[in-house]
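Just so you know, we're using our numbering here: the sequence shown kicks off at 11 and counts up by one.
Every residue, glycine too, gets a C-beta built ideally from N, C-alpha and C.
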Amino acid sequence: MLVISIQSQVVHGHVGNSAAAYAMQAEGVNVAAVPTTLLSNHPRYPTLRGRVLETELVADLLKGVEERDLVDEAAVLVTGYLGSPGTAAVVADFVERALLRNSKLVYLCDPVIGDDGRVYVADGILDVVRHRLLPAANLTTPNQFELELLSGITIADAQGLRAACAVLAGQGRIDVVATGCTLTDTPDGQVETILCADDQLSRFATPRLPIRPYGTGDLLTGLIAAHLAKGKAMEAAVRLAVETVFAVLVRTQEAGTAEMRLVPLPTRAP
Numbered sequence: 011m012l013v014i015s016i017q018s019q020v021v022h023g024h025v026g027n028s029a030a031a032y033a034m035q036a037e038g039v040n041v042a043a044v045p046t047t048l049l050s051n052h053p054r055y056p057t058l059r060g061r062v063l064e065t066e067l068v069a070d071l072l073k074g075v076e077e078r079d080l081v082d083e084a085a086v087l088v089t090g091y092l093g094s095p096g097t098a099a100v101v102a103d104f105v106e107r108a109l110l111r112n113s114k115l116v117y118l119c120d121p122v123i124g125d126d127g128r129v130y131v132a133d134g135i136l137d138v139v140r141h142r143l144l145p146a147a148n149l150t151t152p153n154q155f156e157l158e159l160l161s162g163i164t165i166a167d168a169q170g171l172r173a174a175c176a177v178l179a180g181q182g183r184i185d186v187v188a189t190g191c192t193l194t195d196t197p198d199g200q201v202e203t204i205l206c207a208d209d210q211l212s213r214f215a216t217p218r219l220p221i222r223p224y225g226t227g228d229l230l231t232g233l234i235a236a237h238l239a240k241g242k243a244m245e246a247a248v249r250l251a252v253e254t255v256f257a258v259l260v261r262t263q264e265a266g267t268a269e270m271r272l273v274p275l276p277t278r279a280p
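What follows is the structure, encoded as structure tokens:
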């Protein structure tokens, strides 16, 4: 079981592959982790060291992934934070080649373009996500803001969520896991992760905790990828991932830390 995961990497904290790779490995899945950034920490700290990796370097690493036949071995391909428009285009080229080479490969696109009402990537990245990556994806994991931005639909209720997911699917088929959702019928004090597949909604609500550590979406995406790689059905993969992320958040709240308390990964009852 192998997942190819292309996203950011940090020295301190758990975002991008620094959240997802460990979680997938803890679930018993091998990971080929390709970095798009090498940073000291996420950008919300007062200082930030390191850099977005050069497009040529990312392209070279992806060529190495192909030369080692990892595309043939992989069950799931994940893309997350892409760093620059040039790297986004190179990653899109790789995704297209990988899907042609391995017809059984499941492609999971985490848009990672914004949150809390603001876009934090360059327009060129948004264009690649919208026009090249999403049309190729089997599954995408946007937060509610990203889903609204990509679909052009304001989501207030389940009907709006279905409509937004239909826009993303276009003429094809894509399952959507919408994260951080608050709809008109979401219970007070809860936040939902909602799977939209075949126009059916599966809703997973957890208590809204008074903390906002970064990387929860990256962790959720990695866990979903791991469970899919192990052969779980989509709904089961999402449910298990939500349970683990919530357990991590409870532990983080109890510890009073700004970064997720990810290690060791919480275990589930058999």
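Start and end residues, beta strand (DSSP E) containing residue i
| i | result |
| --- | --- |
| P217 | Q210 to P217 |
| T203 | Q200 to A207 |
Alpha helix (DSSP H) segment containing residue i, residue limits
| i | result |
| --- | --- |
| V105 | P95 to R111 |
| N51 | No alpha helix (DSSP H) contains N51, which DSSP labels as neither H nor E. |
| V138 | D133 to V138 |
| L67 | T65 to E77 |
| M270 | Here M270 belongs to no alpha helix (DSSP H), and DSSP marks it neither H nor E. |
| A33 | N27 to A36 |
| D195 | Note, D195: premise wrong, no alpha helix (DSSP H); not H, not E. |
| D82 | L80 to E83 |
Per DSSP, the bridge partner or partners of residue i
| i | result |
| --- | --- |
| C119 | T89 and T150 |
| D185 | L149 |
| G43 | One detail in the question is off: residue 43 reads as Ala in this sequence, not Gly. A43 is bridged to S15. |
| R59 | R59 is not bridged to any residue. |
| D125 | R128 |
| C175 | For C175, which the question treats as bridged, DSSP gives no partner whatsoever. |
| V20 | L49 |
Sub-8 Å separation of residue i and residue j beta-carbons
| i | j | result |
| --- | --- | --- |
| D195 | D167 | yes |
| G300 | T46 | Lying before the first or after the last residue shown, residue 300 is absent from the chain, which here runs from 11 to 280. |
| P121 | P152 | yes |
| G127 | E156 | no |
| I14 | L80 | yes |
| G182 | A29 | no |
| P223 | A188 | no |
| G282 | G23 | Because the chain in this structure spans residues 11 to 280, residue 282 falls outside the shown range and cannot be described. |
| V116 | V86 | yes |
| L193 | L178 | no |
| D82 | N112 | yes |
| A36 | L229 | no |
| A257 | M34 | no |
| L171 | C206 | yes |
| C191 | Q154 | yes |
| I234 | A247 | yes |
| A98 | V129 | no |
| V186 | T150 | yes |
| L143 | A102 | yes |
| M270 | T262 | yes |
| G60 | L72 | no |
| L136 | A84 | no |
Neighbour flag for residue i against chain D, beta carbons, 8 Å
| i | result |
| --- | --- |
| L109 | No chain D is present in this structure, which holds just one protein chain. |
The ligand FMN heavy atom lying under 7 Å from the CB of residue i
| i | result |
| --- | --- |
| Y32 | Among the ligands in the structure shown, none appear at all, so the ligand FMN cannot be discussed. |
query = Counting pairs of beta carbons, one from the segment 27-44 and one from the segment 92-100, are three or more of them closer than 8 Å?
reply = no
inquiry  = Counting beta carbon pairs with one atom in the segment 158-166 and one in the segment 198-209, are three or more of them shorter than 8 Å?
reply    = no
Entirely enclosed alpha helix (DSSP H) segments - the segment 239-264, minimum 4 residues = none
query = Can we say the segment 203-220 touches the segment 55-75, given the rule of at least three CB pairs closer than 8 Å?
reply = no
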